[in-house]
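Everything in the sequence shown is counted per full-length UniProt numbering, starting at 1 for the first residue and increasing by one. We treat Cβ as the ideally placed atom computed from N, Cα and C, and that holds for glycine. This one's a predicted model, so the numbers in the text were calculated from it and none came from an experiment. What follows is a set of notes on a single structure, which appears directly below.
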Amino acid sequence: MRVFNCDHCGHLVFFDSVQCLHCGSALAFLPDVLTIAALAPAPQDGADLWRRRGGRGGSDYSGRLYRMCRNHTEHQACNFAVPANDYAELCVSCRQTRVLPDLSEPANMGRWMQIEAAKRRLFYSLARLGLEPAPGRTGPVFEFLAEVPGGPPVLTGHHSGTITLNVAEADDDERARRRIALGEPYRTLIGHLRHESGHFYWDQLVRDGGRLEDFRQMFGDERQDYAAALEAHYAKGNDLGDWVDHHVSAYAAAHPWEDWAETWAHYLHMIDLLETSASYATEVTIPGIYGAQRSSAIDPFASPAPDFQSMVQHLVPLTLLLNSLTRSLGQPDAYPFALAGEVLAKLRFVHDVVREAARRPAPVAAPAPQPAPAPKQNVKKNSKTTSKDVR
Numbered sequence: 001m002r003v004f005n006c007d008h009c010g011h012l013v014f015f016d017s018v019q020c021l022h023c024g025s026a027l028a029f030l031p032d033v034l035t036i037a038a039l040a041p042a043p044q045d046g047a048d049l050w051r052r053r054g055g056r057g058g059s060d061y062s063g064r065l066y067r068m069c070r071n072h073t074e075h076q077a078c079n080f081a082v083p084a085n086d087y088a089e090l091c092v093s094c095r096q097t098r099v100l101p102d103l104s105e106p107a108n109m110g111r112w113m114q115i116e117a118a119k120r121r122l123f124y125s126l127a128r129l130g131l132e133p134a135p136g137r138t139g140p141v142f143e144f145l146a147e148v149p150g151g152p153p154v155l156t157g158h159h160s161g162t163i164t165l166n167v168a169e170a171d172d173d174e175r176a177r178r179r180i181a182l183g184e185p186y187r188t189l190i191g192h193l194r195h196e197s198g199h200f201y202w203d204q205l206v207r208d209g210g211r212l213e214d215f216r217q218m219f220g221d222e223r224q225d226y227a228a229a230l231e232a233h234y235a236k237g238n239d240l241g242d243w244v245d246h247h248v249s250a251y252a253a254a255h256p257w258e259d260w261a262e263t264w265a266h267y268l269h270m271i272d273l274l275e276t277s278a279s280y281a282t283e284v285t286i287p288g289i290y291g292a293q294r295s296s297a298i299d300p301f302a303s304p305a306p307d308f309q310s311m312v313q314h315l316v317p318l319t320l321l322l323n324s325l326t327r328s329l330g331q332p333d334a335y336p337f338a339l340a341g342e343v344l345a346k347l348r349f350v351h352d353v354v355r356e357a358a359r360r361p362a363p364v365a366a367p368a369p370q371p372a373p374a375p376k377q378n379v380k381k382n383s384k385t386t387s388k389d390v391r
């Protein structure tokens, strides 16, 4: 994630910021231009409208008008703005959520806010990659569900364009319990969302994008029985063989679909790390007996775009530094991964698929913006199941 500057005073601000601590301006993220902007109330133009402020203390009255997302005005749970000519009350990220947990339960409110914050980061990454939003394309929709006493368990997964997440994953203790029980070195909300988005984009870019045969050569044949493959994977316990030589995670070895989704998620990890590093103009020097090796930040969104190998060459020393810093604080490795040659080949495949999709023209024009339906709440027993449950 890049860092931002207040476009009114120039002070450093961040993706989640709602106010500039230097000049006091209200801030919002503008999804149509993918930046943080200072906004000023514009009651003369309409109720609840805001306009971008000009630089250095003025007001730019030629700027575009916006409204705050309804989840901001009602719950302080979003910092995305909505263009004034978009009739939806929810921003382009929040409107993707179709089912919420019962927000009358106090714990669910905090869980939902954390999950939406992670989802906005996913939206940003996909948008920067040219995958979302794009004319003629639609992103996934989301259902954030809480388990109900007496009801079936809520399984995190993807099915037919809908991503389901058990909101208990927002609780640090529960997420840590599941991570340990499943022998995982890494388990986060953003990791879940990135993984599940991989299943969605497999349908969009591989299955429907003419890349099935290439995929099968790289990842294996996805037509093998999925349920049986998962059952066999979990039956192995800790005896998972030489997965590290072929897969980015142990879970990726379960089935080609999961191999793709784990690799896709890791590609998004890599892109986000590199963009953050470039925002801070990071240079890493690795000492060695044959002399120091210096690596300069690579912006994955630079023009011209860097090649895959250049990005990997900076990722390696960057993650060495990152893990050394977290160990210095007595924390586990922030980046608990080792990328074997076969894993790098799979990451390059994802990279090529993404770059190809970003260049491909959309098949149809986007429809005119329409009001998004209000999300429903799962206050009754939930019977949701998915065909690609991952945990």
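- Two segments are said to touch when three or more pairs of C-beta atoms, one from each, lie closer than 8 Å; by this definition the region 40–54 does not touch the region 85–98.
- Taking the Cβ atoms as the reference, F29 lies roughly 7 Å from A81, within the contact range of under 8 Å.
- One alpha carbon belongs to D221, the other to Y251, and they sit about 16 Å apart.
- In the same chain as A265, and ignoring 5 residues on each side of it, the C-beta atoms closer than 7 Å to its own belong to G191, R194, H195, G198, in chain order.
- Only residues of its own chain outside the window of five on either side were considered, and among them R52, P83 have a CB closer than 7 Å to the CB of R64, listed in chain order.
- In the DSSP assignment, G157 falls within the beta strand (DSSP E) that extends over 157–159.
- Under DSSP, no beta-bridge partner is assigned to R177.
- Checking the DSSP bridge columns, you'll see I36 partnered with F29.
- Shown here, N85 sits in coil according to DSSP, grouped into three states, outside any helix or strand.
- Relative to the Cα of T263, the nearest Cα in the group Q217, T35, V343, T282 belongs to V343.
- Our two residues, L230 and D203, have alpha carbons roughly 20 Å apart in a direct line.
- The beta carbons of R111 and A170 sit about 4 Å from each other, so the pair counts as a contact at 8 Å.
- Under DSSP, the beta-bridge partners assigned to L145 are N166.
- The region 185–239 contains, as complete alpha helix (DSSP H) runs of 4+ residues, the segments 189–201, 212–219, 226–235 (chain order).
- Across the structure, P106 and E283 are spaced so that their CA atoms are roughly 44 Å apart.
- DSSP, read as helix, strand or coil, puts L339 in coil.
- Judged by DSSP in its simplified three-state form, E116 adopts helix.
- As the crow flies, the alpha-carbon of D299 is around 14 Å from that of H351.
- S296 carries a strand assignment under DSSP once its states are collapsed to helix, strand and coil.
- Within the same chain, L205, V206, G209, R211 come within 8 Å of V353 by CB-CB distance, once the 5 residues on both sides are set aside.
- Counting along the chain, no beta strand (DSSP E) covers M1, and no H or E run does either.
- Per DSSP, E132 is not a residue of any alpha helix (DSSP H), being assigned neither H nor E.
- Around the beta-carbon of N108, 16 or more other beta-carbon atoms lie within 10 Å, marking it buried.
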